[in-house]
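Residues in the sequence shown are numbered consecutively from 1456, following our numbering.
Ideal Cβ placement from N, Cα and C applies to all residues, glycine included.
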Amino acid sequence: MNRNTRVNWLLGTGVLIAALVTFPITGIAGDTSETMEDALSAAWPGMAKDATVVDWEGNVLREGSNGYTCFPTPANLSANSPMCMDSEWMEWADAWSNKKEYVADTLGISYMLAGDGGASNIDPYAEGPTADNEWIREGAHLMILVPPELLESFPTDPHNGGPYVMWKGTPYAHLMVPIGSRE
1456 MNRNTRVNWL LGTGVLIAAL VTFPITGIAG DTSETMEDAL SAAWPGMAKD ATVVDWEGNV
1516 LREGSNGYTC FPTPANLSAN SPMCMDSEWM EWADAWSNKK EYVADTLGIS YMLAGDGGAS
1576 NIDPYAEGPT ADNEWIREGA HLMILVPPEL LESFPTDPHN GGPYVMWKGT PYAHLMVPIG
1636 SRE
């Protein structure tokens, strides 16, 4: 699938909107340079320099060459939540947003080095914190997709001080790897 087709597919299905924050999202704030800076803050510098950048309105702000697509923080969030995803994460996001089955058969990596605005650790479709959905805001982290059997040896406790499985028992389970202090 070429870059423009993938971007149109992504935006048409609204995948990252749901995968990133589980809130309705409309547009972005700021000018293009601020949007680019925010989107690229999700990645480490060597990866960011060759990543594609797309805003939430579907505009490709910069074509890249390394297979990663970076998105800025949605305008409705006060906390930084930019994300850079590889092609496996794009497939995952399509499955999640369309409530389709998904099974990772290869490694996928997504960067959120600026942290995130929060999500339930147990309910992939929670729209906000409740008393029983284990809402967590994570600082800088990676999200890693692996075949499900490889997740079995990791805890689900986000407070354990290391990697943990988010959304265990669902087709959307993935490994969260904190690399900084929690927000």
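Residues near A1628 by beta carbon distance below 8 Å, same chain, minus five either side: As a first step, residue 1628 is located in the sequence shown; it is residue number 173 there, counting from the start. Once the five neighbours on either side are set aside, the close Cβ partners of A1628 are P1603, L1606, V1620, M1621 and W1622.
Using C-beta distances below 6 Å, list every residue in its chain close to A1534, excluding the 5 sequence neighbours before and after it, in chain order. Against the sequence shown, residue 1534 aligns to sequence position 79. Counting only Cβ-Cβ distances below 6 Å, and skipping sequence neighbours, we find G1572.
Residue interval of the beta strand (DSSP E) (run including P1633): Numbered from its first residue, the sequence shown carries residue 1633 at position 178. P1633 -> beta strand (DSSP E) spans H1629 to P1633.
Straight-line gap, V1632 to A1494 (C-alpha atoms, nearest Å): Here residue 1632 corresponds to residue number 177 of the sequence shown, with the count starting at 1. Here residue 1494 corresponds to residue number 39 of the sequence shown, with the count starting at 1. One C-alpha to the other measures close to 20 Å.
Can you tell which of A1498, D1549, T1625 and K1554 has its C-alpha closest to the C-alpha of H1596? Sequence index remark: in the sequence shown, residue 1596 carries index 141 (1-based). The candidate whose alpha carbon is nearest that of H1596 is A1498.
With which residues is I1599 paired in a DSSP beta bridge? The residue given as residue 1599 occupies position 144 in the sequence shown. Answer by DSSP bridge pairing, in chain order: I1564 and L1630.
Assess contact between the segment 1502-1520 and the segment 1546-1553, defined as three or more Cβ pairs (one per stretch) separated by less than 8 Å. Is contact present? Between the segment 1502-1520 and the segment 1546-1553, the count of Cβ pairs shorter than 8 Å is below three; the stretches do not touch.
With burial defined as no fewer than 16 other Cβ atoms inside 10 Å of the residue's Cβ, what is the status of E1489: buried or exposed? As a working note, residue 1489 is residue 34 in the sequence shown. That one is exposed.
Does the segment 1554-1563 come into contact with the segment 1498-1511, if we say contact requires no fewer than three beta-carbon pairs (one atom in each stretch) closer than 8 Å? no
Residues in its own chain within less than 6 Å of Y1557 by CB, not counting five upstream and five downstream? Numbered from its first residue, the sequence shown carries residue 1557 at position 102. W1547, A1550 and P1626.
Tell me the residue span of the alpha helix (DSSP H) that contains T1487. Working through the sequence shown from its first residue, we reach residue 1487 at position 32. First-last of the alpha helix (DSSP H) with T1487: T1487 to L1495.
Pick from N1576, V1601, L1600 and Y1580: whose alpha carbon is nearest that of W1590? To locate residue 1590, count along the sequence shown from 1; it is residue 135. Among N1576, V1601, L1600 and Y1580, the Cα nearest to that of W1590 is on N1576.
Cα-Cα separation between V1476 and L1630, rounded to whole angstroms: Reading the sequence shown from its first residue, position 21 is the one you call residue 1476. Reading the sequence shown from its first residue, position 175 is the one you call residue 1630. Caution applies to V1476, whose pLDDT of 36 falls short of 50 and renders its modelled position unreliable; the model cannot decide the point.
Using three-state DSSP, classify S1536 as helix, strand or coil. The count along the sequence shown starts at 1 and reaches residue 1536 at position 81. Coil.
Count the other CB atoms, across all protein chains shown, that sit within 10 Å of the CB of Y1580; report buried if there are 16 or more and exposed otherwise. Mapped onto the sequence shown, residue 1580 falls at position 125. Exposed, since its Cβ has fewer than 16 Cβ neighbours within 10 Å.
Tell me which same chain residues have a C-beta within less than 7 Å of the C-beta of V1601, skipping the five on either side of it? Position 146 of the sequence shown, counted from the start, is the residue given in the question as residue 1601. Around V1601: A1559, L1562 and L1630.
Pairwise C-alpha distance: M1598 and P1543: On the sequence shown, residue 1543 is found 88 positions in, with the first residue counted as 1. On the sequence shown, residue 1598 is found 143 positions in, with the first residue counted as 1. Before going further, note that residue 1543 is Glu rather than Pro in the sequence given. Approximately 11 Å, taken between the alpha carbons.
Could you give the distance in angstroms between the alpha-carbon of P1613 and the alpha-carbon of L1516? The residue labelled residue 1613 in the question sits at position 158 within the sequence shown. The residue labelled residue 1516 in the question sits at position 61 within the sequence shown. Going from the Cα of P1613 to the Cα of L1516 covers about 34 Å.
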